[in-house]
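**Student:** Take this structure, written in structure tokens, and hold onto it; I'll ask about it next.
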């Protein structure tokens, strides 16, 4: 059997297997949420029958085609220089995206335990690492250059899971996650376009368009007339994977060819500093208080801004402006100083800001207690 026929057969069985996994989950969701095709005089069926089976078509087809195509290109290239091929990263990137899309949709409809969600994120991260988009060079950060693949792969998977969760957890007030993601997409699109990476730039600007439209309905929509919508885990997780896909690609770029005289790691992660720093702070706080670091609470940065009395929309705008400032200043300073020192300064500035917020919250609580006495 030749390679083409084998690829077709593999695509068929992968799609068959995936549909066999998805359809029972659709049935479970349908019965839990009462999503049925109602019986009437025009219908000939009897009993409660879900009509959402078509949801399984697109994920099964796209995932199987992308996964087999990526493997085919990898094998055809003999495993050499495949990471530089546009087709392989895109194919495995689609697989990673599809996993997060399905998990997010299930979580929005019926809920998914954080342990199962974490495993799905690891599998998704594995596809991105398999595509060749690994952080295998720190470009002099802490004096470290190239790192071996056996270190780069698990490290990349850890970064992907971390960033995906950071985007998901920052989605606490209207417009925040979509606004932060839009800043990242605009910055990535500009960098990729300057570096001649048109295919990846199109992904950034295509995602930006969807985010801007969502931002309008999320922030300015009126729930009373049915015009307001939330991102949910489906949007947050898929957006997180796209951000990881593009940022990892930038980590592997020769940014000097695009006219950028700075560390690619700074270009890749500068727009993500606010959500990443915030989730680290929250995790360490929960661990210090001997609580489960994966269970939600109200200790994120947006909760702090609300606690000092800011309106939700004002808090969102302030955080977006801070993120925009972090991105611009890091890009500018990265051309003038060591990246490790730059990261240290970022941590200091973020920590001082959180100390100020905590002090402002304590002062407000003491004032309220005094007024109530």
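Residue numbers (my numbering): 1 to 373.
Glycine residues also receive a C-beta, built at the ideal position from the N, C-alpha and C atoms.
Short check: CB of residue 380 to CB of residue 7, under 8 Å?
**Tutor:** The structure shown does not extend to residue 380, since the chain spans only 1 to 373, so no value can be given for it.
**Student:** Assign residue 358 to one of two classes, buried (16 or more other C-beta atoms within 10 Å of its C-beta) or exposed (fewer than that).
**Tutor:** Classification for residue 358: exposed.
**Student:** Output the distance between the C-alpha atoms of residue 277 and residue 187, rounded to the nearest integer angstrom.
**Tutor:** Going by the C-alpha atoms only, they are around 19 Å apart.
**Student:** Quick one: residues in its chain with C-beta nearer than 8 Å to the C-beta of residue 380, no 5 flanking neighbours on either side, listed in chain order?
**Tutor:** With the chain covering only 1 through 373, there is no way to say anything about residue 380.
**Student:** Between 342, 327, 347, 299, which lies nearest to residue 171 when the distance is taken from Cα to Cα?
**Tutor:** That would be 299, whose Cα lies nearest to the Cα of residue 171.
**Student:** Could you check where the beta strand (DSSP E) with residue 138 kicks off and where it finishes?
**Tutor:** Residues 137–141.
**Student:** In the structure shown, what three-state DSSP assignment does residue 145 receive?
**Tutor:** Here residue 145 sits in strand by DSSP.
**Student:** Compute the Euclidean distance between the alpha carbons of residue 66 and residue 179, then round it to the nearest angstrom.
**Tutor:** Using only the alpha carbons, I get a separation of about 30 Å.
**Student:** How many angstroms separate the CA atom of residue 333 from the CA atom of residue 347?
**Tutor:** Distance between the alpha carbons of residue 333 and residue 347 is about 15 Å.
**Student:** Under the assumption that residue 63 contacts residue 100 (Cβ atoms under 8 Å), give the Cβ distance between them as a whole number of angstroms.
**Tutor:** Contact doesn't hold; Cβ gap of about 12 Å is too wide.
**Student:** Decide if residue 116 is buried, meaning its Cβ has at least 16 other Cβ atoms within 10 Å, or exposed.
**Tutor:** Exposed, because fewer than 16 other Cβ atoms sit within 10 Å of the Cβ of residue 116.
**Student:** Within 10 Å of its beta-carbon, does residue 291 have 16 or more other beta-carbons around it, so buried, or fewer, so exposed?
**Tutor:** Residue 291 should be labelled exposed.
**Student:** Compute the distance between the beta-carbons of residue 94 and residue 103, then report whether it is under 8 Å.
**Tutor:** Going by C-beta atoms, residue 94 is not nearer than 8 Å to residue 103.
**Student:** Could you check what DSSP says for residue 124 in three-state terms: helix, strand or coil?
**Tutor:** Three-state DSSP puts residue 124 in a helix.
**Student:** Based on Cα-Cα distance, which residue from 168, 297, 138 lies nearest to residue 155?
**Tutor:** Of the candidates 168, 297, 138, the one whose C-alpha sits nearest the C-alpha of residue 155 is 138.
**Student:** Could you check how far apart the C-beta atoms of residue 340 and residue 272 are, in whole angstroms? I think they sit under 8 Å.
**Tutor:** At roughly 17 Å, the Cβ-Cβ gap does not stay under 8 Å, so residue 340 and residue 272 are not in contact.
**Student:** Can you tell me whether DSSP reads residue 337 as helix, strand or coil?
**Tutor:** Looking at residue 337 - three-state DSSP - the assignment turns out to be coil, as it is neither helix nor strand.
**Student:** Checking 8 Å against the spacing of the C-beta atoms, do residue 330 and residue 266 come in under that value?
**Tutor:** Yes.
**Student:** Going by the C-beta, is residue 234 closer than 7 Å to any heavy atom of the ligand PLP?
**Tutor:** This structure does not include the ligand PLP; it has no bound ligands of any sort.
**Student:** How many Å lie between residue 349 and residue 72 at the Cα?
**Tutor:** Looking at the two C-alpha atoms, the distance is approximately 47 Å.
**Student:** Could you give the distance in angstroms between the alpha-carbon of residue 15 and the alpha-carbon of residue 22?
**Tutor:** Whole-angstrom Cα-Cα distance: 10 Å.
**Student:** Does the Cβ-Cβ distance between residue 162 and residue 131 come in under 8 Å?
**Tutor:** No, Cβ-Cβ distance for residue 162 and residue 131 is not below 8 Å.
**Student:** Measuring CB to CB, does residue 374 end up less than 8 Å from residue 306?
**Tutor:** With the chain covering 1 to 373 only, the question about residue 374 has no answer from this structure.
**Student:** Quick check: the Cα distance between residue 217 and residue 229, rounded to an integer number of angstroms?
**Tutor:** For residue 217 and residue 229, the distance between alpha carbons rounds to 6 Å.
**Student:** Do you know offhand how far residue 262's Cα is from residue 327's?
**Tutor:** So the two alpha carbons sit approximately 13 Å from each other.
**Student:** My output table needs one value for residue 355: the three-state DSSP class, helix, strand or coil.
**Tutor:** Helix.
**Student:** Take residue 122 and list the residues in its own chain whose beta-carbon comes closer than 8 Å to its own, dropping the five residues that flank it on each side.
**Tutor:** The residues are 157, 161.
**Student:** Ignore the nearest five residues each way along the sequence and tell me which others in residue 297's own chain have a CB closer than 8 Å to its CB.
**Tutor:** Here the set comprises 282, 286, 291.
**Student:** Taking just the CA atoms, how far does residue 159 sit from residue 124?
**Tutor:** Distance between the alpha carbons of residue 124 and residue 159: 12 Å.
**Student:** Measure the C-alpha to C-alpha separation of residue 120 and residue 96 and round it to an integer number of angstroms.
**Tutor:** Going from the Cα of residue 120 to the Cα of residue 96 covers about 9 Å.
**Student:** Between residue 423 and residue 33, what straight-line distance do the alpha-carbon atoms span, to the nearest angstrom?
**Tutor:** The first residue shown for the chain is 1 and the last is 373, placing residue 423 beyond what the model contains.
**Student:** Do residue 182 and residue 212 count as a contact pair if the criterion is CB distance below 8 Å?
**Tutor:** Yes, Cβ-Cβ distance for residue 212 and residue 182 is below 8 Å.
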